[in-house]
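**Student:** Submitted below is the structure of interest, expressed as structure tokens.
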Amino acid sequence: LHLSLRGPIASCFALTDSKQVRSPGRISGPEGGSLTVQCGYDSGWERYVKWWCKGADWNSCKIMVRTTGSEDEQRSDRVSIRDSHRNHMITVTMDSLRAGDADTYWCGIEKAGTDLGAHVVVAINKGKISVLSIVFIERLLCAEHCTKRFKDTVRVCMCSHVWGCEHACL
Numbered sequence: 580l581h582l583s584l585r586g587p588i589a590s591c592f593a594l595t596d597s598k599q600v601r602s603p604g605r606i607s608g609p610e611g612g613s614l615t616v617q618c619g620y621d622s623g624w625e626r627y628v629k630w631w632c633k634g635a636d637w638n639s640c641k642i643m644v645r646t647t648g649s650e651d652e653q654r655s656d657r658v659s660i661r662d663s664h665r666n667h668m669i670t671v672t673m674d675s676l677r678a679g680d681a682d683t684y685w686c687g688i689e690k691a692g693t694d695l696g697a698h699v700v701v702a703i704n705k706g707k708i709s710v711l712s713i714v715f716i717e718r719l720l721c722a723e724h725c726t727k728r729f730k731d732t733v734r735v736c737m738c739s740h741v742w743g744c745e746h747a748c749l
């Protein structure tokens with residue numbers, strides 16, 4: 580189903596995305612979390628089978644999951660795919676992300692001859708933001724808000740989840 584270029588001519592050409600399928604190009608998600616990719620496609624391809632393929636090489640990428648041509652969600656392991664015919668949108672969700680999930684993927688449409696597809700580079704963000712980091716960021720934002728709101732009267736800004744900025748500015 581995939582275009583195959585072999586020999587010396589292959590090195591002269593770079594396979595590019597199909598004009599009929601559009602992807603975000605790049606997307607990232609947190610390790611252990613999930614990410615959702617949406618690929619649009621042109622009208623006329625609604626009833627065709629859609630697929631999600633892993634691997635930068637179009638000729639040898641591994642199809643992870645495919646639709647049946649309907650709008651029903653299909654799942655395979657940690658990956659699901661759904662096709663909205665009305666919105667011309669392929670939606671892929673990858674769950675329980677792992678470092679090894681970082682790769683180039685393809686949203687594709689299966690058809691006679693060469694399939695149509697658009698690539699998506701998936702990055703996995705390692706590590707998680709700690710609760711301490713979140714509290715620190717909240718306090719910085721709170722202090723900035725407090726300083727702007729009470730710029731003429733504030734000397735010290737003490738922010739608290741209990742009091743909020745307005746009650747904590749001194």
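In this text, residue positions in the sequence shown follow this note's numbering: the first is 580, and each later residue adds one. We treat Cβ as the ideally placed atom computed from N, Cα and C, and that holds for glycine.
Helix, strand or coil for residue 596, going by three-state DSSP, please let me know.
**Tutor:** coil
**Student:** Assess, as a yes-or-no matter, whether the region 628-641 is touched by the region 679-698 under the definition of 3 or more beta carbon pairs within less than 8 angstroms.
**Tutor:** A contact exists between the region 679-698 and the region 628-641.
**Student:** Could you tell me if residue 651 is buried or exposed, where buried requires 16 or more neighbouring beta carbons within 10 angstroms of its beta carbon?
**Tutor:** Counting Cβ neighbours within 10 Å, residue 651 comes out exposed, since fewer than 16 surround it.
**Student:** Taking the alpha carbon of residue 608 as the reference point, which residue from 695, 693, 676, 696 has its own alpha carbon closest?
**Tutor:** Selected option, being the one with the closest Cα: 676.
**Student:** Which whole-angstrom value describes the C-beta separation of residue 603 and residue 699, a residue pair presumed to lie in contact below a C-beta threshold of 8 angstroms?
**Tutor:** 6 angstroms
**Student:** Do residue 691 and residue 601 have their C-beta atoms closer together than 8 angstroms?
**Tutor:** no
**Student:** So what's residue 678 in DSSP terms, helix, strand or just coil?
**Tutor:** helix
**Student:** Hey, how far is the Cα of residue 620 from the Cα of residue 596?
**Tutor:** 12 angstroms
**Student:** Taking the C-alpha atoms as reference points, what is the distance between residue 670 and residue 614?
**Tutor:** 10 angstroms
**Student:** Closer than 8 angstroms, CB to CB, is residue 646 near chain B or not?
**Tutor:** Judged by its chain identifiers, the structure shown contains no chain B, having just a single protein chain.
**Student:** Pick out whichever of 660, 673, 681, 679 has its Cα sitting closest to the Cα of residue 612.
**Tutor:** 673
**Student:** Between residue 624 and residue 598, what straight-line distance do the alpha-carbon atoms span, to the nearest angstrom?
**Tutor:** 13 angstroms
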